[in-house]
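A.B. asks: One structure follows; several queries about it will come next.
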Amino acid sequence: MDYSIEMLHIRKEFPGIVANDDISLQVKKGEIHAILGENGAGKSTLMSILFGLYNADKGEIKINGKKVEINNPNDATAHKIGMVHQHFQLIDTYTVTENIILGKEGSFILNKKDASQKIKDLSDKYGLNIDPDSIIEDITVGMQQRVEILKMLYVDADILIFDEPTAVLTPQEIDDLLDIMKGLKKEGKSIILITHKLNEIKAVADRCTVIRRGKMIDVVDVASTTQSQMASLMVGRPVNFKVDKSEAHPGESILEIKNLNVLNAKKILGVKDFSLTVRAGEIVGIAGVDGNGQSELIEAVTGLRKIESGQVLISSKDITHVPIRERNEAGLGHVPEDRQKRGLVLEYNLKDNFVIKDYYHSPFSKNGILQQPVMKEYGQKIIDTFDVRSGEGLDSLAGKLSGGNQQKAIVGREIIGNPKLLIVVQPTRGLDVGAIEFIHKQIVNHRDAGNAVLLISFELDEIFNLSDRIAVISDGKLMDVVNTSDTDERSVGLMMAGVSSKGDK
Amino acid sequence: MSAKKNKELKSNNFIIAISAVVLGLIAGAILILIIGENPFASFRYLVRGALMSVRRTGTTLAITTTLMLVGLSIAFAFKTGLFNIGASGQILAGGLAATTVAFAVDIPHVPLIFLILLTGFIAGAIWGLIPGLLKAFFNVHEVVSTIMMNWIAYWVVFYFVPAFLKGPSLETESAGLPFEKTLRVSWLTELFDGSNYINVGLIVAIIAVIVIKFIMDKTTLGFELKAVGYNRYGAEYAGIRVNRSVVLSMMIAGGLAGLAGVAYYCGYSGKIQIGILPTQGFDGIAVALLGASSPVGVVFSSFFFGILQAGKGFMSGNTLVPPEIADTIIAVIIYFTATSVMFKNFWDKRFKKINEKRNIVQKDSNSIEEDN
Ligand SMILES: Nc1ncnc2c1ncn2[C@@H]1O[C@H](COP(=O)(O)OP(=O)(O)O)[C@@H](O)[C@H]1O
Ligand SMILES: [Mg+2]
Numbered sequence: 026m027d028y029s030i031e032m033l034h035i036r037k038e039f040p041g042i043v044a045n046d047d048i049s050l051q052v053k054k055g056e057i058h059a060i061l062g063e064n065g066a067g068k069s070t071l072m073s074i075l076f077g078l079y080n081a082d083k084g085e086i087k088i089n090g091k092k093v094e095i096n097n098p099n100d101a102t103a104h105k106i107g108m109v110h111q112h113f114q115l116i117d118t119y120t121v122t123e124n125i126i127l128g129k130e131g132s133f134i135l136n137k138k139d140a141s142q143k144i145k146d147l148s149d150k151y152g153l154n155i156d157p158d159s160i161i162e163d164i165t166v167g168m169q170q171r172v173e174i175l176k177m178l179y180v181d182a183d184i185l186i187f188d189e190p191t192a193v194l195t196p197q198e199i200d201d202l203l204d205i206m207k208g209l210k211k212e213g214k215s216i217i218l219i220t221h222k223l224n225e226i227k228a229v230a231d232r233c234t235v236i237r238r239g240k241m242i243d244v245v246d247v248a249s250t251t252q253s254q255m256a257s258l259m260v261g262r263p264v265n266f267k268v269d270k271s272e273a274h275p276g277e278s279i280l281e282i283k284n285l286n287v288l289n290a291k292k293i294l295g296v297k298d299f300s301l302t303v304r305a306g307e308i309v310g311i312a313g314v315d316g317n318g319q320s321e322l323i324e325a326v327t328g329l330r331k332i333e334s335g336q337v338l339i340s341s342k343d344i345t346h347v348p349i350r351e352r353n354e355a356g357l358g359h360v361p362e363d364r365q366k367r368g369l370v371l372e373y374n375l376k377d378n379f380v381i382k383d384y385y386h387s388p389f390s391k392n393g394i395l396q397q398p399v400m401k402e403y404g405q406k407i408i409d410t411f412d413v414r415s416g417e418g419l420d421s422l423a424g425k426l427s428g429g430n431q432q433k434a435i436v437g438r439e440i441i442g443n444p445k446l447l448i449v450v451q452p453t454r455g456l457d458v459g460a461i462e463f464i465h466k467q468i469v470n471h472r473d474a475g476n477a478v479l480l481i482s483f484e485l486d487e488i489f490n491l492s493d494r495i496a497v498i499s500d501g502k503l504m505d506v507v508n509t510s511d512t513d514e515r516s517v518g519l520m521m522a523g524v525s526s527k528g529d530k
Numbered sequence: 048m049s050a051k052k053n054k055e056l057k058s059n060n061f062i063i064a065i066s067a068v069v070l071g072l073i074a075g076a077i078l079i080l081i082i083g084e085n086p087f088a089s090f091r092y093l094v095r096g097a098l099m100s101v102r103r104t105g106t107t108l109a110i111t112t113t114l115m116l117v118g119l120s121i122a123f124a125f126k127t128g129l130f131n132i133g134a135s136g137q138i139l140a141g142g143l144a145a146t147t148v149a150f151a152v153d154i155p156h157v158p159l160i161f162l163i164l165l166t167g168f169i170a171g172a173i174w175g176l177i178p179g180l181l182k183a184f185f186n187v188h189e190v191v192s193t194i195m196m197n198w199i200a201y202w203v204v205f206y207f208v209p210a211f212l213k214g215p216s217l218e219t220e221s222a223g224l225p226f227e228k229t230l231r232v233s234w235l236t237e238l239f240d241g242s243n244y245i246n247v248g249l250i251v252a253i254i255a256v257i258v259i260k261f262i263m264d265k266t267t268l269g270f271e272l273k274a275v276g277y278n279r280y281g282a283e284y285a286g287i288r289v290n291r292s293v294v295l296s297m298m299i300a301g302g303l304a305g306l307a308g309v310a311y312y313c314g315y316s317g318k319i320q321i322g323i324l325p326t327q328g329f330d331g332i333a334v335a336l337l338g339a340s341s342p343v344g345v346v347f348s349s350f351f352f353g354i355l356q357a358g359k360g361f362m363s364g365n366t367l368v369p370p371e372i373a374d375t376i377i378a379v380i381i382y383f384t385a386t387s388v389m390f391k392n393f394w395d396k397r398f399k400k401i402n403e404k405r406n407i408v409q410k411d412s413n414s415i416e417e418d419n
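Protein sequences appear in the order of chains D and U.
Each residue of the first sequence is one higher than the one before, counting from 26 in my numbering.
Each residue of the second sequence is one higher than the one before, counting from 48 in my numbering.
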């Protein structure tokens with residue numbers, strides 16, 4: 026059998042956890058091979074080993090049947106392996122060409138023209154549509170990702186690794202990326218695609234290796250396996266895709282936003298005269314294309330951004346200009362958009378992160394002294410209830426957790442305090458179906474306990490699955506608020522694009 | 048096999064610090080060899096100069112006192128995400144204020160000691176407050192503003208001392224504080240065989256270490272300050288008042304350096320000179336680095352640097368080795384602690400190999416057991 030890559034019996038331990046336990050992965054020439062696994066299953070670790078970022082404790086790697094040693098990314102490049110990381114490695118102020126040839130052999134200045142031409146040719150060949158001379162910070166995230174792809178192609182990589190490439194993309198960009206992958210496959214490249222999203226695997230992959238908690242579970246042929254079969258292989262139990270939720274029984278108004286105006290980073294109005302009410306016992310979803318004022322709106326409501334004019338009330342208390350702590354005390358819970366920048370102190374362990382909003386009051390502290398036993402008990406409850414997995418439990422540094430477990434830790438922290446108003450921004454970004462199902466269930470339970478939930482998501486599926494009402498935002502303005510049962514993705518999509526449903530525009 | 052023996056070896060701050068010290072000493076030894084002296088003999092003079100007698104030990108501890116307080120100040124700032132390069136100015140501010148009060152107020156010795164310590168702390172805190180405010184509200188980096196504050200303190204001392212605290216003879220320094228206005232107390236002086244330098248600053252420094260350690264490890268205040276230091280955006284999100292934390296950290300750091308100023312000018316030297324930016328402000332950076340920014344680490348590293356400082360004169364008196372060698376050793380140690388990542392990688396690799404070997408041995412013995 027012609028395998029371009031074979032990773033055999035790979036083992037890798039981190040303190041307190043076996044990230045890869047006797048995993049074997051065989052990728053055929055010219056196939057798109059998906060790796061499916063829950064957050065923290067060990068996918069990124071396995072790929073980091075292949076790319077030379079980690080050394081395996083055990084096991085071997087063969088390329089085209091020959092055993093090789095890969096000790097660092099340069100070795101990997103020499104073996105024609107390329108990788109697009111979850112976080113891009115580009116210099117914002119450099120051009121596409123400069124980024125691609127940075128650190129490559131040959132003189133920078135002399136080769137720039139040739140390089141530029143080569144990049145242009147590659148871009149045309151694979152339909153990437155990249156202008157070699159544009160500056161990185163001027164192009165979209167989707168385009169930046171293509172620059173990362175070009176980086177691999179530029180050094181003639183034959184084996185392309187994509188670590189959760191669609192997590193940062195809009196739906197349209199995802200479709201484009203999947204098409205690009207198909208094109209790369211046609212040119213004979215082997216592709217390893219890491220993703221949680223079963224529909225993406227269905228759309229492009231030939232075979233799929235399923236990993237669960239560090240162990241290899243199965244290799245399946247994608248065409249002959251259903252999504253729910255794959256999901257249950259991954260999670261280890263049957264998975265429910267649709268959110269079970271009953272009719273909402275909305276009560277009194279909890280969050281009232283009145284004629285809100287907020288400036289964005291460019292000092293122009295990012296939120297324009299926005300009004301919305303969220304009542305107890307309902308979930309209101311805000312649908313919109315990324316960058317249409319959602320972030321500014323949420324930052325204004327949660328106290329991270331100044332409000333120009335208008336009013337925000339939580340349970341009738343005016344919080345328009347009060348500090349964040351007072352908002353929390355008024356009953357605000359907030360799962361922030363950026364979990365690493367805002368949601369966690371990565372250098373703190375989980376125990377400390379769980380009380381980061383509450384450390385200052387009883388029972389977590391008395392007379393200014395932290396009460397460690399109480400903190401431990403409380404933290405353990407969150408870990409148990411929300412299934413937060415980590416190497417060393419409460420003592421694990423937040424930065425060492427996988428993204429999904431970081432998110433579960435934040436969601437757990439925010440929900441366990443039972444806030445009257447829960448604002449969740451992209452609550453399941455980057456999470457696997459098992460975790461998504463779990464978090465969705467928690468959000469619905471929170472609603473059913475008589476609380477208000479405001480949901481922001483760029484994934485329409487999620488909006489439709491969870492929301493009782495949908496508010497559509499476009500260019501900072503509220504387009505309309507509709508009952509989820511009275512609308513469909515098409516009309517919401519139109520409003521997201523700025524076309525009013527009322528026909529007055 | 049016992050569980051303890053199986054515990055994985057991991058590099059830690061202690062090993063890294065020791066590595067840096069050893070390399071520093073080796074560098075010093077090489078230089079001494081080049082000069083044509085015997086390094087071992089020279090180092091013996093160095094240590095003997097610092098610790099040979101009870102009296103000399105007292106002097107060494109007095110030098111250590113200042114370094115400990117400054118090191119603590121800088122370590123505390125590091126831990127809360129700030130680089131306090133202005134300890135020199137804070138030392139001067141604390142020392143000048145305390146000296147002035149000591150001259151001006153006539154009260155019994157013990158209450159006076161408390162008063163000048165408080166004065167020095169407050170003056171240092173004010174010297175830290177200003178950069179704190181600049182950082183919190185105008186986003187001025189503390190490195191820039193604390194350096195500025197150093198020179199302000201320098202020139203204030205330059206004009207203030209000759210104008211108001213002038214001694215009978217020299218233009219360049221204040222009058223000497225009489226014994227009963229300093230931090231020196233007779234029982235300590237006697238305990239250390241008549242050392243003229245040892246003073247209650249040492250006790251203050253140790254108490255300060257304990258207090259700071261307590262604040263950092265156990266209190267909500269420490270929890271806040273560290274959170275802001277690690278991730279100010281995360282802290283802001285959590286409802287912590289970030290600006291207040293930054294200002295408070297700078298004030299506490301300044302106050303600690305101010306105490307160092309009291310210990311130095313009102314304890315060690317008993318007078319204040321003009322035209323000198325105290326180098327302890329910068330030595331304190333080395334102390335904090337070598338001590339891995341931990342209060343307890345600072346105790347040991349300040350004592351180590353104290354020995355180098357106190358013994359270098361004796362070494363050069365008895366050999367051809369110039370006292371600057373001690374400074375060179377300090378410099379090399381700073382260099383190696385600053386690049387401690389290197390050691391960390393070195394030891395991690397080492398330990399990994401050892402751990403791997405152990406695992407193999409252990410597996411073998413396990414399989415033998417299974418065979419039985
Ligand atoms: N550098 C590291 N140090 C300690 N633990 C780690 C490290 N990297 C990953 N882990 C742990 O290893 C496990 C697998 O992580 P990862 O490979 O990132 O999972 P995935 O990519 O499948 O979500 C997780 O439990 C994670 O916390
Ligand atoms: Mg991953």
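For every residue, glycine included, the Cβ atom is placed at its ideal position computed from N, Cα and C.
Could you tell me which chain D residues have their CB closer than 8 Å to the CB of K260/U, listed as they occur along the chain?
C.D. replies: Locating residue 260/U in the second sequence gives position 213, where the first residue counts as 1. Result: empty, since nearest Cβ-Cβ is about 14 Å, beyond 8 Å.
A.B. asks: Determine the direct distance from the alpha carbon of G128/U to that of I65/U, and round the result to whole angstroms.
C.D. replies: Looking up residue 65/U in the second sequence gives position 18. Looking up residue 128/U in the second sequence gives position 81. The straight-line gap from Cα to Cα measures roughly 25 Å.
A.B. asks: Just how far apart, CA to CA, sit I48/D and K211/D?
C.D. replies: To locate residue 48/D, count along the first sequence from 1; it is residue 23. To locate residue 211/D, count along the first sequence from 1; it is residue 186. Computed Cα separation, rounded: 28 Å.
A.B. asks: Return the residue from the list A423/D, A496/D, V337/D, T327/D that minimises the CA-CA distance to L531/D.
C.D. replies: Shown here, chain D extends from 26 to 530; a query on residue 531/D therefore has no answer.
A.B. asks: Between which two residues does the alpha helix (DSSP H) containing D409/D stretch?
C.D. replies: Reading the first sequence from its first residue, position 384 is the one you call residue 409/D. Residues 397–411.
A.B. asks: Using the three-state DSSP reduction, which class does A282/U fall into: helix, strand or coil?
C.D. replies: Position 235 of the second sequence, counting from 1, holds the residue named residue 282/U. Three-state result, A282/U: helix.
A.B. asks: Over the uninterrupted beta strand (DSSP E) stretch that includes K240/D, give me the two end residues.
C.D. replies: For the purposes of this step, residue 240/D is taken as residue 215 along the first sequence, with counting starting at 1. K240/D -> beta strand (DSSP E) spans 240–246.
A.B. asks: In three-state terms, what does DSSP make of S412/U?
C.D. replies: Start at 1 with the first residue of the second sequence, and residue 412/U comes out as number 365. Any reading at S412/U must be qualified, since the residue scores a pLDDT of 46, below 50, and its modelled position is unreliable; no value is offered.
A.B. asks: Measure the Cβ-Cβ separation of M115/U and S349/U and say whether it is below 7 Å.
C.D. replies: Residue mapping note: residue 115/U aligns to position 68 of the second sequence, counting from 1. Residue mapping note: residue 349/U aligns to position 302 of the second sequence, counting from 1. Yes.
A.B. asks: Output yes if chain U places a C-beta closer than 7 Å to the C-beta of S73/D; else output no.
C.D. replies: For the purposes of this step, residue 73/D is taken as the residue at position 48 of the first sequence. No, because no Cβ of chain U sits closer than 7 Å to the Cβ of S73/D.
A.B. asks: Using a Cβ-Cβ cutoff of 9 Å, what residues of the stretch 328–354 of chain D are near chain U? List them in chain order.
C.D. replies: Per Cβ criterion, the list reads G328, L329, P348, I349, R350, E351, R352, N353, E354.
A.B. asks: In chain order, what residues of the stretch 261–274 of chain U put their CB closer than 7 Å to some CB of chain D?
C.D. replies: Listed in sequence order: K265, T266, T267, L268, F270, A274.
A.B. asks: Cα-Cα, which of S510/D, A496/D, D511/D is closest to M504/D?
C.D. replies: As a position in the first sequence, residue 504/D is number 479, starting the count at 1. For M504/D, the nearest C-alpha among the options comes from A496/D.
A.B. asks: So V449/D and V507/D are supposed to be a Cβ contact under 8 Å. How far apart are they, rounded?
C.D. replies: Indexing the first sequence from 1 puts residue 449/D at position 424. Indexing the first sequence from 1 puts residue 507/D at position 482. Contact doesn't hold; Cβ gap of about 20 Å is too wide.
A.B. asks: When we look at the beta-carbon of V469/D and count the other beta-carbons within 10 Å, is it buried (16 or more) or exposed?
C.D. replies: The residue given as residue 469/D occupies position 444 in the first sequence. By the 10 Å Cβ count, V469/D comes out buried.
A.B. asks: Should S415/D be listed as close to ligand 2, given that the test is whether its C-beta is under 6 Å from any heavy atom?
C.D. replies: Against the first sequence, residue 415/D aligns to sequence position 390. Flag unset: Cβ of S415/D not near ligand 2.
A.B. asks: Show which residues of chain U have a CB atom less than 7 Å away from the CB atom of I394/D.
C.D. replies: Within the first sequence, residue 394/D is the residue found at index 369, counting from 1. By Cβ distance, chain U contributes K265, T266.
A.B. asks: Could you name the residues of chain U that Y79/D contacts, counting a contact when the two beta carbons are closer than 8 Å?
C.D. replies: Along the first sequence, one-based indexing puts residue 79/D at 54. Result: empty, since nearest Cβ-Cβ is about 12 Å, beyond 8 Å.
A.B. asks: Does DSSP put M99/U in a helix, in a strand, or in coil?
C.D. replies: Walking along the second sequence from the start, residue 99/U turns up at place 52. Looking at M99/U - three-state DSSP - the assignment turns out to be coil, as it is neither helix nor strand.
A.B. asks: Would G83/U pass as a contact of M362/U if the rule is Cβ separation under 7 Å?
C.D. replies: Here residue 83/U refers to the residue found at position 36 when the second sequence is read from its first residue. Here residue 362/U refers to the residue found at position 315 when the second sequence is read from its first residue. No, the Cβ-Cβ distance between G83/U and M362/U is not below 7 Å.
A.B. asks: Anything in chain D within Cβ reach of A339/U, meaning under 7 Å, just list it in chain order.
C.D. replies: Locating residue 339/U in the second sequence gives position 292, counting from the first residue. Ordered by position in chain D, no residue passes the 7 Å Cβ test against A339/U, which lies about 14 Å from the chain.
A.B. asks: Indicate the three-state DSSP secondary structure (helix, strand or coil) for F299/D in the structure shown.
C.D. replies: Here residue 299/D is taken as the residue at index 274 of the first sequence, counted from 1. Strand at F299/D.
A.B. asks: Have a look at D82/D, G65/D, V166/D and flag the residue whose alpha-carbon is nearest the alpha-carbon of F113/D.
C.D. replies: In the first sequence, counting from the first residue as 1, residue 113/D sits at position 88. It is V166/D.
A.B. asks: State the CB to CB distance for the pair L479/D and L491/D, rounded to an integer number of angstroms; the pair is presumed to be in contact (CB under 8 Å).
C.D. replies: Position 454 of the first sequence, counting from 1, holds the residue named residue 479/D. Position 466 of the first sequence, counting from 1, holds the residue named residue 491/D. Actually they are not in contact, since the Cβ atoms of L479/D and L491/D sit about 11 Å apart, beyond 8 Å.
A.B. asks: Check L426/D in the structure and name its three-state DSSP category.
C.D. replies: The count along the first sequence starts at 1 and reaches residue 426/D at position 401. Of the three classes helix, strand and coil, the one that applies to L426/D here is coil, per DSSP.
A.B. asks: Which same chain residues end up closer than 7 Å to M196/U when comparing Cβ atoms and leaving out the 5 residues on each side of it in sequence?
C.D. replies: Position 149 of the second sequence, counted from the first residue, corresponds to residue 196/U. Cβ neighbours of M196/U beyond the five flanking positions: G133, G136, W174, I177, P178.
A.B. asks: Throw me the rounded Cβ distance for the S296/U and A124/U pair, which I believe falls under 8 Å.
C.D. replies: Locating residue 296/U in the second sequence gives position 249, counting from the first residue. Locating residue 124/U in the second sequence gives position 77, counting from the first residue. Yes, S296/U and A124/U are in contact; Cβ-Cβ is about 6 Å, under 8 Å.
A.B. asks: Is the beta carbon of E85/D sitting closer than 7 Å to the one on K91/D?
C.D. replies: Taking the first residue of the first sequence as position 1, residue 85/D is located at position 60. Taking the first residue of the first sequence as position 1, residue 91/D is located at position 66. No, the pair does not count as a contact, with Cβ atoms beyond the cut-off.
A.B. asks: Quick check: is the beta carbon of P361/D nearer than 7 Å to any beta carbon in chain U?
C.D. replies: One-based indexing of the first sequence puts residue 361/D at position 336. Interface residue, yes.
A.B. asks: Using a C-beta to C-beta distance shorter than 8 Å, which residues of chain U count as neighbours of E372/D?
C.D. replies: Numbered from 1 along the first sequence, position 347 holds the residue referred to as residue 372/D. Neighbours of E372/D on chain U, chain order: Y277, N278.
A.B. asks: I381/D touches chain U at which residues, Cβ-Cβ below 9 Å?
C.D. replies: Sequence index remark: in the first sequence, residue 381/D carries index 356 (1-based). Under the 9 Å cutoff, chain U gives F270, A274, G281, A282, Y284, A285, G286, I287.
A.B. asks: Are there any heavy atoms of ligand 2 lying less than 6 Å away from the beta-carbon of S73/D, as far as the coordinates show?
C.D. replies: The residue labelled residue 73/D in the question sits at position 48 within the first sequence. For ligand 2, not one heavy atom lies less than 6 Å from the Cβ of S73/D.
A.B. asks: Using a C-beta to C-beta distance shorter than 7 Å, which residues of chain U count as neighbours of S390/D?
C.D. replies: Working through the first sequence from its first residue, we reach residue 390/D at position 365. Result: T267.
A.B. asks: Could you give the residue range of the beta strand (DSSP E) that holds D505/D?
C.D. replies: Residue numbering aside, residue 505/D sits at position 480 when the first sequence is read from its first letter. First-last of the beta strand (DSSP E) with D505/D: 502–508.
A.B. asks: Unbroken beta strand (DSSP E) runs of length 3 or more, entirely within the stretch 128–208 of chain D: which are they?
C.D. replies: Taking only runs of at least 3 residues, the beta strand (DSSP E) segments lying wholly in the stretch 128–208 of chain D are 184–188.
A.B. asks: With C-beta atoms as the reference, is K37/D less than 7 Å away from D82/D?
C.D. replies: Taking the first sequence and counting its residues from 1, the one referred to as residue 37/D is at position 12. Taking the first sequence and counting its residues from 1, the one referred to as residue 82/D is at position 57. A contact, by the Cβ cut-off of 7 Å.
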